[in-house]
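Here is the structure we will look at.
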Amino acid sequence: MVSGPTATARPTDFEMNQSLENCCCSLRAAGLKHIFYPGSDCYESRTESYFSVSAQLKPYCIVQSTTAQEVGLIVTTLTHGAACQFAIRSGGHTVWPGSNNINDGVTIDMGLMNKTTYVPETKVAQIQAGSIWGDVYGALEPYGVTVPGGRTSTVGVAGFLTGGGNTFYTGRHGFGCDNVVNFEVVLASGEIVNANADDNCDLFKALKGGSANFGIVTRFDMQAFEAPLLWGGLVTYPTSTTDQHIDAYHDWTNNIESYMDGSVIPFWTYSPATKNIAITVAYEDTTGAVAPPAFDKFMAIPDQVTSTMRKDTHRNLTIELNLISGYRNVWFAVTFKNDKLLYKKALELYEQFVSDWKAQSPDGDFICHGIFQAIPTIFSKHSVEKGGNVLGLDRETENAVMFQVQLMVNGVEQEELARERMVQFREAIKRYSVDMGGAVDWEYLNYADFTQDPLRTYGKGNVGHIREVATKYDPSGVFQSRMPGGFKISKDPAKGRITGSSILRGSGGVVKRSEYILIHTYGRALIQKPNLVPALPAAHRMPREHFDLHVAWTRIQEHAEATGQTGQLLGRLPLPVRGARRRWRPGYVTSTEVLSEGEGGTHSRGVGSGSLKGGKAAILRFASVRSETVQARAVLVSEEERVELRESFP
1 MVSGPTATAR PTDFEMNQSL ENCCCSLRAA GLKHIFYPGS DCYESRTESY
51 FSVSAQLKPY CIVQSTTAQE VGLIVTTLTH GAACQFAIRS GGHTVWPGSN
101 NINDGVTIDM GLMNKTTYVP ETKVAQIQAG SIWGDVYGAL EPYGVTVPGG
151 RTSTVGVAGF LTGGGNTFYT GRHGFGCDNV VNFEVVLASG EIVNANADDN
201 CDLFKALKGG SANFGIVTRF DMQAFEAPLL WGGLVTYPTS TTDQHIDAYH
251 DWTNNIESYM DGSVIPFWTY SPATKNIAIT VAYEDTTGAV APPAFDKFMA
301 IPDQVTSTMR KDTHRNLTIE LNLISGYRNV WFAVTFKNDK LLYKKALELY
351 EQFVSDWKAQ SPDGDFICHG IFQAIPTIFS KHSVEKGGNV LGLDRETENA
401 VMFQVQLMVN GVEQEELARE RMVQFREAIK RYSVDMGGAV DWEYLNYADF
451 TQDPLRTYGK GNVGHIREVA TKYDPSGVFQ SRMPGGFKIS KDPAKGRITG
501 SSILRGSGGV VKRSEYILIH TYGRALIQKP NLVPALPAAH RMPREHFDLH
551 VAWTRIQEHA EATGQTGQLL GRLPLPVRGA RRRWRPGYVT STEVLSEGEG
601 GTHSRGVGSG SLKGGKAAIL RFASVRSETV QARAVLVSEE ERVELRESFP
C-alpha cells in the first residue's frame, strides 16, 4: 500500500471566509474604490445583469476597474500573498456557471471600462473591454462607420473577440478577431503590453481565438469601415417549410464566396407562448441592397407569417436579435459538412428533444433554439489574408455548417437534467455525422458548454502555439489556476495536465504528488479528454514512471462505451476521504467538481454519500495530491488494473 502525505484538515467555513475577506480587504488597502459586497445595491444589480441565471454566482466581492493600470493593480494584489481566486467579467453573456463569475472568490468586473473612441485618421475604433456591442455600434454611428462584432447588442466585446467572433460581416471581412489590429493586455505581472503585428506578435495571434489563457485584454483596437444602412430583419415561417429552408441554406452556404455581403441565420424555435416550433430567419445584407439575387431562394419560400424586413442601422438589427434573459442556459454547438442529410438529422433530433423535454418540463416554461450558421471556407481565407488566427478552420477544405442548440430552463434541477440530455443530444449528432462521413472536428468556443473542449479542436499546431504563448506570458500559471473560468490550455494528459476548467483552490494549496481522483463525466468527449487538475504547481512531477495516464483513460473510455455508461450525469458529491492519519474528514466540494486525496485501497469507502444520479463512481489511481481544497471534474468507471472500483450506485 502506498501511503499518502500527511492529511491536513479542511478549512472551516470561518477560515475560508476569513481568507476571502482578506482578498477583498487587500484590494481596498491597495487603493481600489469600486468594491462591492453581497447585499449592496451595486453588487446585486451587477449580479442580476448577467444574461444567464446560471452565471449569477456569489463572489465574496466584486471589484470594478476603470483603467488598465487598475486591472494590473487588482491582478497583482490578488496573486501576491493570499491565494485568491478570481473571475473576469466583460459583458457577462457567456451562459455557463463559472465562465465569467465565481463563487468563493473575487469577480473583476470590467463594466466601467465601456468607452469607444474612433480615430478618423487611422479608421481605428479603440474599444474598452467592458463594452457591449450595441454601445460600440452606437458610438460609431455618428462617424458613418462600424466594426464586425456581435450580432446581438448585449454580447460583451472581450469574450466575443478572444473566442473568434462570428458576425454579419464574416463573409466579407473574416471573423471579428481577424479585424483587431492591436490588443492592450494586462499580464499576470501587472505589466501592460500591446500585442499587434509588430509587437508581441505571438501573443497577437494567440489572442485571436485563444480566449482567457494569457492575460486580461483591456482594450481592442479594431479596423473600422464604412457602414451604410443594412437591409435586414426577421421573417417567421411555419415548420411545413423546413425542407425548403434546408435546400435554400445548403445552396447559400456553398455560394457565400460569390456573394460575401449577406448573412442568413435560420432558427427553429420552441417557445412557451405558442407551445410549438416555428422557423425564424434573420436576413441581413450589409450593403443595404434590398432582396439581392443571392437571397432569391429564401424570398421564394411561401407562407411568411411575420416580417420586419427594412433598412436600418447595424445597432438596431442587433437589438432585434437579443435573446430573452432570466433563464438558466445550456448550450452546445457542433460542426459538420454542408450536407442536407445532416441538416435533416439534426432537426429530427432537435424535434425529438423538444418533444421529450415538453413531456418532463414541470411548467412548460422553456425555450429551445436550433440554429444553423454557415462556415464556408471563405471565412478562413479572409483570416489567413489578415495574418491568421488560432481557430484552425484554415485546415478545412470543404464548406461546413455549425448547428447550435440553446436550451433555456428554470431551476437548478432542470439545468442539471438539461445538461445531461443536451450532452446525449450533442453526441447523437456527432455520431451520425461520423457515420455519414460528414464530421468536422471543430467547436466554436463562444457557444461551447463546459462539457466540451473547443481548444483541442483548433489543431495540434494551434494548440501548441496557445500553450507556448501562455507559458511565455504567464509563466506562473496565474490565468490557469487563479482564474479558473473559461477554457484553459494545458499540458498533454500524459504530462499530468489536461485542458479544462478544473482548478486548484484554497490558501496555499501545495500539491506534492497525486494519488487518487474521483471523477464524473457528462459524455464520451470528457472521457477522452477528462478535466483533472490543470495548473498544479508540481504537475511535471505528478505521473509515476510506471503509469501512463493516456492509456488509463483510453481503457476507461472503452469500458464505459462497452457497458453503455457514457453520458450519464453524476450529481454533486460530498466526499469523505481517508487521510494518512486514518481519520475521515469531508472533502471540499464545489458546485461541479471534487478532488480527494487518500491513502491506499480503503480510500474509496463512503464515496456514495451525496446525490448520484446514475452510473458508478470510480477512483483513478494515478500518482497523491496534497491540498486543502482542490477541484477536479469528471467520471465514470472502470475496473482496469489502474482503476479501483469500490462501490456502485443506482
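Residue 359 in the UniProt record's numbering sits at position 359 of the sequence shown, with consecutive numbering throughout.
Ideal placement from N, C-alpha and C gives every residue a C-beta, glycine not left out.
Worksheet item: For the candidate residues Thr269, Gly438, Trp268 and Val264, whose alpha-carbon lies nearest to that of Pro292?
Response: Val264
Worksheet item: Touching or not, the stretch 392–400 and the stretch 302–318, by the rule of three or more beta carbon pairs under 8 Å?
Response: no
Discussion item. In whole angstroms, give me the CA-to-CA distance for Gln244 and Gln223.
Written reply: Straight-line Cα distance between these residues: approximately 38 Å.
Worksheet item: Taking C-beta to C-beta, are Leu203 and Val469 nearer than 8 Å?
Response: yes
Discussion item. I'd like the span of the alpha helix (DSSP H) that includes Ile319, first residue to last.
Written reply: His314 to Glu320
Worksheet item: Could you give the distance in angstroms between the alpha-carbon of Leu20 and the alpha-carbon of Asn166?
Response: 38 Å
Item to complete: Give the straight-line distance between the Cα atoms of Asn531 and Ile88, rounded to the nearest whole angstrom.
Response: Per-residue confidence for Asn531 stands at a pLDDT of 33, beneath the threshold of 50, marking its modelled position as unreliable; the derived number appears in the next sentence. Distance between the alpha carbons of Asn531 and Ile88: 21 Å.
Discussion item. Output needed for Ala30: all residues of its chain with C-beta closer than 7 Å, excluding positions within five of it in sequence on either side, in chain order.
Written reply: Leu73 and Thr77
Worksheet item: Quick one, are the C-beta atoms of Arg310 and Gly233 less than 8 Å apart?
Response: Yes, they are a contact pair.
Worksheet item: Rounded to whole angstroms, how far is the Cβ of Ile216 from the Cβ of Val185, which I believe are closer than 8 Å?
Response: 7 Å
Discussion item. Can you tell me whether Gly144 is buried or exposed? The criterion is at least 16 other CB atoms within 10 Å of its CB, across all chains shown.
Written reply: exposed
Fill in: Spatial neighbours of Asp548 in its chain, beta-carbon cut-off 6 Å, leaving aside the 5 residues before and after
The predicted position of Asp548 is uncertain, since its pLDDT is 36 and thus under 50; no value can be drawn from it.
Practice prompt. Check whether the stretch 328–347 touches the stretch 247–265, counting contact only when three or more Cβ pairs, one atom from each stretch, lie closer than 8 Å.
Written response: yes
Discussion item. What would DSSP say about Arg310, mapped onto helix, strand or coil?
Written reply: Under the three-state reduction of DSSP output, Arg310 falls in the strand class.
Worksheet item: Enumerated in chain order, which unbroken segments of the beta strand (DSSP E) with a length of 3 residues or greater are wholly contained in the stretch 141–168?
Response: none
Item to complete: Just mark Thr107 as buried or exposed, buried being the case when its beta carbon has 16 or more other beta carbons within 10 Å.
Response: buried
Worksheet item: Along the chain, which unbroken stretches of the alpha helix (DSSP H) at least 4 residues long are found entirely within the stretch 356–424?
Response: 377–385
Discussion item. Only counting the same chain, and skipping five residues up and downstream in sequence, which positions put a Cβ closer than 8 Å to that of Gly485?
Written reply: Ala87, Ile88, Gly98, Ser99, Asn100, Asn101, Ile102, Ala212 and Ser501
Worksheet item: Hey, quick one: how far does the alpha helix (DSSP H) through Lys460 stretch, first residue to last?
Response: Lys460 to Tyr473
Discussion item. Taking DSSP's pairing of strands, which residues face Cys61 in a bridge?
Written reply: Val106
Item to complete: Spell out the partners DSSP gives Val119 in its beta bridges.
Response: DSSP lists Val124 as partners of Val119.
Worksheet item: What is the residue span of the beta strand (DSSP E) that Thr280 lies within?
Response: Asn276 to Asp285
Fill in: Integer Cβ distance of Glu351 from Ile277, believed to fall under 8 Å
7 Å
Discussion item. With a threshold of 8 Å between beta-carbons, can Gln69 be considered close to chain C, or not?
Written reply: Structure shown: chain C not included; a single protein chain is present.
Discussion item. Taking only three categories from DSSP, how would you classify Thr77?
Written reply: helix
Practice prompt. Look up Tyr53 in the DSSP assignment and say whether it is helix, strand or coil.
Written response: Residue identity check: residue 53 is Val in the sequence provided, not Tyr. Helix, per DSSP.
Worksheet item: Short check: CB of Gly364 to CB of Leu347, under 8 Å?
Response: no
Worksheet item: If you draw a straight line from the C-alpha of Thr313 to the C-alpha of Pro228, how long is it?
Response: Cα to Cα, Thr313 sits roughly 8 Å from Pro228.
Item to complete: Determine the contact status of Asp285 and Trp331, defining contact as a CB-CB distance below 8 Å.
Response: no
Worksheet item: Exposed or buried, what is Lys33 when buried is set at 16 or more other beta-carbons lying within 10 Å of its beta-carbon?
Response: If you draw a 10 Å sphere on the C-beta of Lys33, you find fewer than 16 other C-beta atoms in it, and that means exposed.
Discussion item. So the candidates are Glu396, Phe183, Asp474 and Pro148; which of them puts its Cα closest to the Cα of Ala68?
Written reply: Phe183
Worksheet entry | Anticipated Cβ contact below 8 Å, Leu140 with Tyr118, distance rounded | 6 Å
Discussion item. Can you list, in chain order, the residues of its chain with a C-beta nearer than 8 Å to that of Asp474? Leave out the 5 residues immediately preceding and following it.
Written reply: Leu187, Ala188, Asn213, Phe214, Gly215 and Gln480
Worksheet item: So, using beta-carbon positions, are Tyr60 and Cys23 closer together than 8 Å?
Response: yes
Worksheet item: Any idea what DSSP makes of Tyr237, helix, strand or coil?
Response: Strand at Tyr237.
Worksheet entry | Runs of alpha helix (DSSP H) lying entirely within the stretch 175–209, each at least 4 residues, in chain order | 201–206
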